[in-house]
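Have a look at the structure below, then the notes.
There are 2 protein chains.
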Amino acid sequence: MWDRFLRACRREPVDRTPVWFMRQAGRYMAEYRKIRERYTLLEICARPEVACEVTLQPIVAHQVDAAILFADILLPLEPMGAPFEFAAGEGPVVHSPVRTPADVERLRIIDPQESLSHVLQAITLIRRELEGKTPLIGFAGAPFTLASYLIEGGKSNNYAKTKAMMYAEPLVWAKLMEKLTEVIRRYLRAQVAAGAQAIQVFDSWVGDLSPTDYVEFIQPHLRPMFEDLQTLGVPVIHFGTGTGALLETQRDTGGTVIGVDWRTPLDVARARLGDGVAVQGNLDPLVLTAPRPFIEKRVREVLDRAGSKPGHIFNLGHGILPHIPPENVRYVRELVHELSAE
Amino acid sequence: MWDRFLRACRREPVDRTPVWFMRQAGRYMAEYRKIRERYTLLEICARPEVACEVTLQPIVAHQVDAAILFADILLPLEPMGAPFEFAAGEGPVVHSPVRTPADVERLRIIDPQESLSHVLQAITLIRRELEGKTPLIGFAGAPFTLASYLIEGGKSNNYAKTKAMMYAEPLVWAKLMEKLTEVIRRYLRAQVAAGAQAIQVFDSWVGDLSPTDYVEFIQPHLRPMFEDLQTLGVPVIHFGTGTGALLETQRDTGGTVIGVDWRTPLDVARARLGDGVAVQGNLDPLVLTAPRPFIEKRVREVLDRAGSKPGHIFNLGHGILPHIPPENVRYVRELVHELSAE
Numbered sequence: 012m013w014d015r016f017l018r019a020c021r022r023e024p025v026d027r028t029p030v031w032f033m034r035q036a037g038r039y040m041a042e043y044r045k046i047r048e049r050y051t052l053l054e055i056c057a058r059p060e061v062a063c064e065v066t067l068q069p070i071v072a073h074q075v076d077a078a079i080l081f082a083d084i085l086l087p088l089e090p091m092g093a094p095f096e097f098a099a100g101e102g103p104v105v106h107s108p109v110r111t112p113a114d115v116e117r118l119r120i121i122d123p124q125e126s127l128s129h130v131l132q133a134i135t136l137i138r139r140e141l142e143g144k145t146p147l148i149g150f151a152g153a154p155f156t157l158a159s160y161l162i163e164g165g166k167s168n169n170y171a172k173t174k175a176m177m178y179a180e181p182l183v184w185a186k187l188m189e190k191l192t193e194v195i196r197r198y199l200r201a202q203v204a205a206g207a208q209a210i211q212v213f214d215s216w217v218g219d220l221s222p223t224d225y226v227e228f229i230q231p232h233l234r235p236m237f238e239d240l241q242t243l244g245v246p247v248i249h250f251g252t253g254t255g256a257l258l259e260t261q262r263d264t265g266g267t268v269i270g271v272d273w274r275t276p277l278d279v280a281r282a283r284l285g286d287g288v289a290v291q292g293n294l295d296p297l298v299l300t301a302p303r304p305f306i307e308k309r310v311r312e313v314l315d316r317a318g319s320k321p322g323h324i325f326n327l328g329h330g331i332l333p334h335i336p337p338e339n340v341r342y343v344r345e346l347v348h349e350l351s352a353e
Numbered sequence: 012m013w014d015r016f017l018r019a020c021r022r023e024p025v026d027r028t029p030v031w032f033m034r035q036a037g038r039y040m041a042e043y044r045k046i047r048e049r050y051t052l053l054e055i056c057a058r059p060e061v062a063c064e065v066t067l068q069p070i071v072a073h074q075v076d077a078a079i080l081f082a083d084i085l086l087p088l089e090p091m092g093a094p095f096e097f098a099a100g101e102g103p104v105v106h107s108p109v110r111t112p113a114d115v116e117r118l119r120i121i122d123p124q125e126s127l128s129h130v131l132q133a134i135t136l137i138r139r140e141l142e143g144k145t146p147l148i149g150f151a152g153a154p155f156t157l158a159s160y161l162i163e164g165g166k167s168n169n170y171a172k173t174k175a176m177m178y179a180e181p182l183v184w185a186k187l188m189e190k191l192t193e194v195i196r197r198y199l200r201a202q203v204a205a206g207a208q209a210i211q212v213f214d215s216w217v218g219d220l221s222p223t224d225y226v227e228f229i230q231p232h233l234r235p236m237f238e239d240l241q242t243l244g245v246p247v248i249h250f251g252t253g254t255g256a257l258l259e260t261q262r263d264t265g266g267t268v269i270g271v272d273w274r275t276p277l278d279v280a281r282a283r284l285g286d287g288v289a290v291q292g293n294l295d296p297l298v299l300t301a302p303r304p305f306i307e308k309r310v311r312e313v314l315d316r317a318g319s320k321p322g323h324i325f326n327l328g329h330g331i332l333p334h335i336p337p338e339n340v341r342y343v344r345e346l347v348h349e350l351s352a353e
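So the sequence lines, in the order shown, correspond to chains G and P.
12 is the number of the first residue of the first sequence in my numbering; add one for each residue after it.
12 is the number of the first residue of the second sequence in my numbering; add one for each residue after it.
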């Protein structure tokens, strides 16, 4: 069943629980590391044929049920006027962090057809290569998560500068959210137009916020964006981590599938989220480093807790880590298919 | 009312909501930075009179309702055989991380009367200086949080090595938990014997675990420790962060007060925890960097959500950060007293 991923997103019955993995193409694979000998991460993203090759690697190696475009959530920042690089061992570094009203004013609302055309070309190319055998997911970072990189200048432990802007300069913050939301909305629309059959919004760090902050500073911007994206007719996955106290609020904000990390058991998540959305998750990525019997136990638990009601996409709670053995990724894909076919 | 903190811990009526702040003595205070010109953090901890002076600084400056011993959760590690230092800008570094069965075997179960006598002396000294006007809280790190520092060699983003031991070497992990639990149990008993009138167990990083991992790898060790500590007749505060999906499990593990961070609203937390425990929390520490009207709005919200039922201790969701203005700490203490007296 080529479309079991899309069917599960729509909460339709499937022959097996669909499986894909966040960061399923990446450094844990020898095939990917070989490409990285010749290109940096950003060079891969800038070359549609290379991005296509990397996107397909885990499809070939593990036969997962969905491909996800190889790209980085930060790609829109450079054309917006906030260049960055991946410093060795440090993660992304934004050269000139956005902190003042003038900084926010200077950010450009880009046209993705111009500024991110290489990403859109990659999507069209990947769709052609997949030949309709596996659906393709497009994605973007969510406004809070992107704003945190812009304001902090990189990854943060506590989002001190981000919250400082929120709390002390709410109008500047709102302007930044407006710009980011519009860019992401355009970018995801363009990805669907180019061929993406589902889209995922990565609000990876939003779980740090109190529900009150979320409702006050995030939701008013995010909700109309989801409303617009949901008119496109493709599944919209709304993902975050550490969202144990935020799930219902995220659901009310938008998305047809809610991503749940390992901290919230799926039976708890489904009970809280209700029947109107599908769920995606939620194995702890580090379980993939454990011995096989332990992996099996935890995979069985995820499936048991997800239950028999349609609308579960098996995934990790966050991305695959570089030291995870690729054979265990394949093993989990096989196991989920085997156990869910029973 | 000198004992409103202790009364709130016991869920008895109080004249005002008691307030104290995690890391209320620290770098945000000029008085503390002055001491730090002469002593390192560990030197302060090793000198009872200096630790006493620092412990009293926020009592004098802000008139909070409880003093907390100035110490570090890692202090037991050195006598156990795992020396560490605070590297500039990097946090703690454990020189020889604990990763093999032999490493765990080598760790000593210390007698705190011998190895940590300076801490116990500080407690007795602080009690004398406080003259019964303010109660004194003792504390220790919880086994998971301490184990994560021991195994990772410092602070971690994802606890990869810690989980690797849990998942692949459960017997080694259990041995490590047993040793840490016994050390912490002895240490907290000794603190109470020396004069601590309440104790807090800091399981700061346990919120990263799935409830299933928690129940399998943490709870069997932690529960008997809490049971033993709760026979001492002093309030036992069980604190963690990011525990939105773990609150009931933590409550079932032990403690007479459950610490809640800003990610879980206190009305939600109290509804989930029930009437058998008090709650402590839960302002986002970064709210203390905001303009006064915003601080007031969020403080009012914490008090409103805590409700009028006895058993709320006002605190932050985690420690005070170095860049927080001390006058805002004082302001929040005053505001909580003023609003809760109404």
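Note that the Cβ used here is the ideal one computed from N, Cα and C, for glycine as well.
The structure displayed is predicted, hence computed values, not measured ones.
C-alpha gap between residue i and residue j, whole angstroms
i	j	result
residue 207(P)	residue 124(P)	15 Å
residue 27(P)	residue 347(P)	8 Å
residue 153(G)	residue 259(G)	17 Å
residue 234(G)	residue 108(G)	26 Å
residue 229(P)	residue 250(P)	14 Å
residue 203(P)	residue 215(G)	42 Å
residue 219(P)	residue 254(P)	8 Å
residue 133(P)	residue 126(P)	14 Å
residue 66(P)	residue 188(G)	42 Å
residue 42(P)	residue 149(P)	22 Å
residue 344(G)	residue 71(G)	13 Å
residue 51(G)	residue 317(G)	38 Å
residue 196(G)	residue 325(P)	41 Å
residue 297(P)	residue 341(P)	15 Å
Reference residue i, options the options, closest by Cα
i	options	result
residue 315(P)	279(P), 285(P) and 304(P)	279(P)
residue 15(G)	134(G), 227(G) and 146(G)	146(G)
residue 105(P)	162(P), 265(P) and 213(P)	162(P)
residue 76(G)	83(G), 82(G) and 68(G)	68(G)
residue 247(G)	80(G), 269(G) and 136(G)	269(G)
residue 53(G)	238(G), 88(G), 297(G) and 35(G)	88(G)
residue 291(P)	238(P), 239(P), 252(P) and 306(P)	252(P)
residue 327(P)	86(P), 60(P), 113(P) and 300(P)	300(P)
residue 84(P)	73(P), 103(P) and 35(P)	103(P)
residue 349(P)	311(P), 331(P), 320(P) and 174(P)	311(P)
residue 143(G)	95(G), 194(G), 114(G) and 78(G)	78(G)
residue 55(G)	221(G), 82(G) and 306(G)	82(G)
residue 59(P)	177(P), 236(P), 138(P) and 93(P)	138(P)
residue 236(G)	244(G), 192(G), 205(G) and 243(G)	192(G)
residue 151(G)	194(G), 164(G) and 112(G)	194(G)
residue 334(P)	172(G), 307(G) and 92(G)	172(G)
Burial state of residue i (16 or more Cβ within 10 Å)
i	result
residue 232(P)	buried
residue 64(G)	buried
residue 12(G)	exposed
residue 329(G)	buried
residue 168(P)	exposed
residue 17(P)	buried
residue 98(G)	exposed
As assigned by DSSP and simplified to three states, the class of residue i
i	result
residue 339(P)	helix
residue 104(P)	strand
residue 96(G)	strand
residue 357(G)	Past the boundaries of the shown model lies residue 357(G); chain G is included only from 12 to 353, so the question cannot be answered.
residue 84(P)	coil
residue 10(G)	Residue coverage of chain G in this structure runs from 12 to 353, which leaves residue 10(G) outside it and unanswerable.
residue 78(G)	strand
residue 30(G)	strand
residue 12(P)	coil
residue 216(G)	coil
residue 141(P)	helix
residue 348(G)	helix
residue 158(G)	helix
residue 279(P)	helix
Residues that DSSP places opposite residue i in a beta bridge
i	result
residue 69(P)	Residue 69(P) pairs with nothing; no bridge assigned.
residue 211(G)	150(G) and 248(G)
residue 291(P)	270(P) and 324(P)
Check: residue i C-beta below 6 Å from any heavy atom of the ligand ATP
i	result
residue 118(P)	As presented, the structure is devoid of all ligands, the ligand ATP included, so that no description of it is given.
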